[in-house]
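Chains as they are written, first to last, in the numbering used here: chain A, 1 to 366; chain B, 1001 to 1309.
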């Protein structure tokens, strides 16, 4: 009995550390959806706003555009989930608030089964667009999408807009993380005095891997003698492990750090304590270490989302695979004015690399 | 590969090991006291999360590190008291109520985090201070003996807990209650009171262990900051044969392998990262499977006490 309990405890811990995510709290999409419905009832006569005016249908002018999103981490993760949530909020404000667009969300849905239930609930509660913000939700999304042909679905990081399954109501989006990774690599190699750069990755997959590969390529192209040390924590959300990985990188000689996924807040905390410059990705991370975050590759979903909205309002519910790139403005390198160590040469090199990647003369992945 | 075998790397591994061991030690020593009195607390993780949050919040708002530790201890102790109420007074199934306590701590700390902080913030936590004399030994001084006060306190807990358990009347009562509550009761030992006390102290230590992350090792708070440390701590109590020194050895071994796998990756040995991150857990499973120390198990563990039953 006791041994069994010990094993239960151990397997629980394994499960938790392996996923690195909280077991998702029971989804409450229905409650959120009800709220949204109330909001709609409260403001049935809302003035059509500029953005909503793009939508030609009468329905769009009188009832809000309902969007729901399922995310693997929190909306304040300073990374993947926040990048999308912030973009939705910005568009909502631009469109004229809740009367023009409602956002229902379920965060910390690391458990795919829970996420699938939430996706289905959102689809059946009248949302026009349901976003499954994670590659892992793909299978569930395709199943649900087949049952709701009048609802638009979107997912990413992905490039499959449903053609393979014969579905016409799926959008896919993909961030070419390697592009900004390359730029960050160039900056890191120029900032580093020791020639050793530390990378804290989650697992070797998805946009984390492409970011890190691009970063390595950029750093090596700038300083072929540099060594880029990588530690993968095996988790997206294990803040404590990311912190220890950062300490280890620093102890091993790294004087510039970068990393990916929501776990990096732990690593940024250590970088701040030790005064090590940090290069970020996904969401602007300068709020956490205003003096040490050099630059962040920001995922800007704004134009992707607006294009989806316009297509949906025009009656097309899917079929497009979007790419965020430096060239189309979906990826931006946001320099943090609080960090003072960026010389004009570094800025010029970064801009030259951005230009090179945009016009195709530089390949971000070797 | 040769970089892995240098003294510098070895000292780096040891430094990481000591730092990594800290939250596990607080939680596992607290859990040891509880289990020796017959109480299984699977909710350690939730108590750590609450301690981590409360400690962080107090330091964030007041700047007082001592205040943060005390608040974390208080939060953990309150949850420990709740755990005792549920499993001693209400005689609930301990495995289940522990999971409930974990979910409660996880949910409440996440909710409070969102309501009060909203986004990840950082504080200046406990600095690393070299121990007098020991800290100035070349090599191992900076590696083994230069840490924060929270780290030293965690290690000091081990002999303290061993002393209390083995050399004091109170420790004798704890062991008696855990092994044979009927006999202890017949001899006038207040079974319920002893278990209330160990559960509260266990919660208190778990809370401080959580704070050792949020205001000493990481200096940030994020939802689910502990990421499973509390559960590993419970497993390490079994591993350590319910003896504080055994638990210490288990914690050190686990932390050593955790630190080693980070350094394996940094030095580019070529071990796949997926395999590297598995190492500490594989080792724990192996050790649990081969160790057979039934002798150390408190006989009344997980059994609620009913007089005369």
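Note that beta-carbon positions come from the ideal geometry of N, C-alpha and C, so glycine has one too.
Item: Per-residue DSSP class, three states only, for residue 65 of chain A; Value: strand
Item: Interface residues of chain B facing residue 265 of chain A [CB-CB closer than 9 Å]; Value: 1120, 1122, 1218, 1220 and 1222
Item: 8 Å contact criterion, which residue 1197 of chain B and residue 1030 of chain B should meet: CB distance rounded; Value: Going by Cβ atoms, the distance from residue 1197 of chain B to residue 1030 of chain B rounds to 12 Å, so no, they are not a contact pair.
Item: Chain-order list of residues whose beta-carbon lies under 8 Å from that of residue 1257 of chain B (same chain, five-residue window excluded); Value: 1279, 1280 and 1283
Item: Own chain, CB closer than 7 Å to residue 309 of chain A, minus 5 neighbours either side, in chain order; Value: 65
Item: Boundaries of the beta strand (DSSP E) in which residue 153 of chain A is found, first to last residue; Value: 152 to 156
Item: Cα-Cα separation, residue 142 of chain A to residue 162 of chain A; Value: 7 Å
Item: Interface flag, residue 1136 of chain B vs chain A, CB-CB below 8 Å; Value: no
Item: Neighbouring residues, chain A, relative to residue 1020 of chain B (Cβ below 7 Å); Value: 244
Item: Opposing strand residues paired with residue 259 of chain A [DSSP bridges]; Value: A/200
Item: Strand pairing of residue 101 of chain A, partner residues [DSSP]; Value: A/65
Item: Neighbour flag for residue 252 of chain A against chain B, beta carbons, 8 Å; Value: yes
Item: Separation of residue 1181 of chain B from residue 236 of chain A, as counted between CA atoms; Value: 45 Å
Item: Same chain, Cβ closer than 7 Å to residue 1033 of chain B, five either side skipped, listed in chain order; Value: 1161, 1174, 1198, 1201 and 1202
Item: Span separating the alpha-carbon of residue 943 of chain B from that of residue 232 of chain A; Value: Residue 943 of chain B lies beyond the residue range present for chain B, which begins at 1001 and ends at 1309; the question has no answer from this structure.
Item: Residues near residue 1299 of chain B by beta carbon distance below 6 Å, same chain, minus five either side; Value: 1179
Item: Residues that residue 272 of chain A contacts on chain B, provided the C-beta gap is smaller than 7 Å; Value: 1122
Item: 7 Å CB neighbourhood of residue 1271 of chain B in its chain, flanking five on each side removed; Value: 1264
Item: Euclidean distance between Cα positions of residue 90 of chain A and residue 1024 of chain B; Value: 42 Å
Item: Contact check, residue 256 of chain A vs residue 79 of chain A, beta carbons under 8 Å; Value: no
Item: Min CB distance residue 1226 of chain B to chain A below 8 Å; Value: yes
Item: Terminal residues of the beta strand (DSSP E) in which residue 294 of chain A lies; Value: 293 to 299
Item: Inter-stretch contact at 8 Å, needing at least 3 Cβ pairs: the stretch 1037 to 1047 of chain B / the stretch 1088 to 1096 of chain B; Value: yes
Item: Under 9 Å (Cβ pairs) to chain B, residues found in the stretch 225 to 238 of chain A; Value: 227, 229, 230, 231, 232, 233, 234, 235, 237 and 238
Item: Contacting positions in the stretch 75 to 104 of chain A - beta carbon closer than 7 Å to chain B; Value: 76 and 78
Item: CA nearest to the CA of residue 240 of chain A, picked from B/1048, B/1114 and B/1071; Value: B/1048
Item: Proximal residues to residue 1106 of chain B (C-beta, below 7 Å), its chain only, five neighbours per side dropped; Value: 1046, 1049 and 1224
Item: Supposed close pair residue 326 of chain A, residue 217 of chain A - CB separation, criterion 8 Å; Value: That pair is no contact at about 14 Å.
Item: When A/273, A/289, A/296 and A/271 are compared against residue 283 of chain A, the one with the closest alpha-carbon; Value: A/296
Item: Meets three-Cβ-pair contact criterion under 8 Å: the stretch 1246 to 1257 of chain B and the stretch 121 to 137 of chain A; Value: no
Item: Whole-Å CB distance - residue 1028 of chain B paired with residue 1236 of chain B, under 8 Å assumed; Value: 5 Å
Item: Euclidean distance between Cα positions of residue 32 of chain A and residue 1116 of chain B; Value: Any reading at residue 32 of chain A needs caution, since the residue's pLDDT is 40, under 50, leaving its predicted position unreliable; the model's value is listed next. Answer to the nearest angstrom: the Cα atoms are 21 Å apart.
Item: Cβ-Cβ separation, residue 179 of chain A to residue 292 of chain A (assumed contact under 8 Å), whole Å; Value: Actually they do not touch by this definition, with Cβ atoms about 23 Å apart.
Item: Closer than 8 Å to chain B by CB, residue 240 of chain A; Value: yes
Item: Distance cut-off 7 Å: residue 1301 of chain B Cβ against heavy atoms of the ligand COA; Value: Among the ligands in the structure shown, none appear at all, so the ligand COA cannot be discussed.
Item: Contact check, residue 281 of chain A vs residue 211 of chain A, beta carbons under 8 Å; Value: yes
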